[in-house]
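Below is one structure, written out as structure tokens, with a few remarks after it.
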Amino acid sequence: MALASSVKVPYMAYLRVYEPLAAFPEPERSHWARYAKRAKTPTAQDEQRRALADLLPTPPVPVPVHESADAFIAVVNEVTCVCPWRTRLRGWQALESLDELLPASVLDVALPPVVRRQAATDYEQWRERNPDARPWIRGAAWHVPVRWFVLFSDGEREYTKSEQEPVMRYRTPMVQARRRVARGLRTLRDALEEGSLIDGLVDVGRWLEEFHPRSLVELDYGGLVHAVPEAQLAEDRSAAEVAEGLAALREGDGERAGVAYEKLSQRWRAVRERQFSS
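By full-length UniProt numbering, the letter at position 167 of the sequence shown is numbered 167, and the numbering carries on one by one without gaps.
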């Protein structure tokens with residue numbers, strides 16, 4: 001979001017769930033079935049461009065007036081899986097965390113308090129009518145949360161270069177993601193006191209439980225490919241480092257776990273610092 005001249009457009013990473021068509025009730029299932037047959041469907045870049053366009057009017061439109069009818073599509077073992085954008089819901093949720101990303105002075109200029117208050121009121125009223133709603137997509141600005149890597153193995157890493165931009169992502173079946181979350185939580189709780197890493201992983205696990213067991217889970221570096229030098233991106237093995245740290249904890253080797261965690265932290269700390277560079 002080009003919120004102010006002193007703040008760069010935030011590069012986002014995404015955690016997505018693609019559910020099989022059978023998971024959707026009618027008439028939504030028929031809508032997605034027709035949608036998936038289109039010759040061309042929007043990309044993640046298209047979604048971000050639309051979001052940024054909403055911030056150009058005065059006053060800006062922080063949350064779309066209407067919910068998006070678009071989705072990401074993946075075919076897994078000949079089964080069509082769908083990840084609805086739900087841009088409106090995610091917009092409301094993103095507004096709740098903006099004060100953690102931006103200084104108050106910048107935030108008030110970019111999105112005046114009256115705009116934010118109205119959006120909060122609209123969200124509260126919408127939630128009363130839709131108490132069970134949840135997003136299929138989670139986003140993180142300028143980093144990939146460590147807990148997200150717990151869901152994947154290094155063998156599921158996909159790094160490809162194209163004419164437009166490189167792509168870095170992990171994909172795994174839902175059953176594997178849930179199993180890794182459960183195992184990771186057991187390891188962390190046996191080795192550490194309660195903390196933000198455990199709380200965050202519990203939250204991710206609860207979110208995953210809301211979806212069809214035959215879903216696909218994807219971690220997409222998204223715009224972060226522009227914030228990381230190509231050579232570093234090609235050598236990035238963050239999921240392997242998280243797995244190494246957890247294995248060390250299970251073996252009682254706190255020193256080795258600390259080395260793995262520090263290596264991971266330094267990499268993402270360097271990326272996050274670039275949001276403030278000139």
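Cβ coordinates follow ideal geometry from the N, Cα and C atoms, glycine included.
* To do: Report yes if the C-beta distance between Leu-185 and Leu-201 is below 8 angstroms; otherwise report no.
  => Here residue 185 is taken as the residue at index 185 of the sequence shown, counted from 1. Here residue 201 is taken as the residue at index 201 of the sequence shown, counted from 1. Yes, they are a contact pair.
* With distances taken Cα to Cα, identify the nearest neighbour of Leu-216 among Leu-197, Leu-95, Cys-83. => Along the sequence shown, read from residue 1 onward, the residue named residue 216 stands at position 216. Closest by alpha carbon: Cys-83.
* Asked: What are the partner residues of Ile-73, as DSSP defines its beta bridges?
  -> Here residue 73 refers to the residue found at position 73 when the sequence shown is read from its first residue. Note: Ile-73 sits in a beta bridge opposite Val-82.
* If you count every other CB in all the chains shown that lies within 10 Å of the CB of Thr-41, and 16 or more means buried, which is it? -> Counting from one through the sequence shown, the residue named residue 41 turns up at place 41. Thr-41 comes out exposed.
* List the whole-angstrom C-beta distance separating Glu-163 from Val-225, where the pair is believed to meet the contact cut-off of C-beta under 8 angstroms. => For the purposes of this step, residue 163 is taken as the residue at position 163 of the sequence shown. For the purposes of this step, residue 225 is taken as the residue at position 225 of the sequence shown. About 14 angstroms; that fails the 8 angstroms criterion.
* Asked: Should Val-114 and Trp-92 be called a contact, given that it needs their Cβ atoms to be closer than 8 angstroms?
  -> On the sequence shown, residue 114 is found 114 positions in, with the first residue counted as 1. On the sequence shown, residue 92 is found 92 positions in, with the first residue counted as 1. No, the pair does not count as a contact, with Cβ atoms beyond the cut-off.
* Where does Pro-166 fall in DSSP's three states? -> Sequence index remark: in the sequence shown, residue 166 carries index 166 (1-based). Pro-166 falls in the coil class under three-state DSSP.
* According to the neighbour-count rule (16 or more other Cβ atoms, all chains shown, within 10 Å of its Cβ), is Ser-278 buried or exposed? -> Within the sequence shown, the letter at position 278 stands for residue 278. With a pLDDT of 45 at Ser-278, under the threshold of 50, the modelled position of this residue cannot be trusted, and the question is left open.
* To do: Can you check the stretch 131 to 213 for any alpha helix (DSSP H) of at least 4 residues that lies completely inside it and give the ranges in chain order?
  => 146 to 149, 174 to 191, 196 to 208
* Asked: For the beta strand (DSSP E) that Val-17 lies in, which residues bound it at each end?
  -> Within the sequence shown, residue 17 is the residue found at index 17, counting from 1. Residues 12 to 20.
* Asked: DSSP three-state call for Asp-236: helix, strand or coil?
  -> The residue you call residue 236 lines up with position 236 of the sequence shown. Three-state DSSP puts Asp-236 in coil, outside helix and strand.
* Asked: Which first and last residues belong to the alpha helix (DSSP H) in which Glu-26 is found?
  -> For this step, residue 26 is matched to residue 26 along the sequence shown. From DSSP, Glu-26 is part of no alpha helix (DSSP H); its letter is neither H nor E.
* Asked: Roughly how many angstroms separate the alpha carbons of Leu-208 and Tyr-159, rounded to a whole number?
  -> The residue labelled residue 208 in the question sits at position 208 within the sequence shown. The residue labelled residue 159 in the question sits at position 159 within the sequence shown. Taking the straight line joining both Cα atoms gives about 24 angstroms.
* Using CA coordinates, which residue listed in Gly-254, Asp-199, Ser-265 is at the minimum distance from Asp-236? -> Here the question's residue 236 lines up with position 236 in the sequence shown. For Asp-236, the nearest C-alpha among the options comes from Ser-265.
* **Rounded Cβ spacing between Pro-135 and Leu-89 (contact assumed at less than 8 angstroms)** => In the sequence shown, counting from the first residue as 1, residue 135 sits at position 135. In the sequence shown, counting from the first residue as 1, residue 89 sits at position 89. Indeed, because the Cβ distance is near 5 angstroms, the residues count as touching under 8 angstroms.
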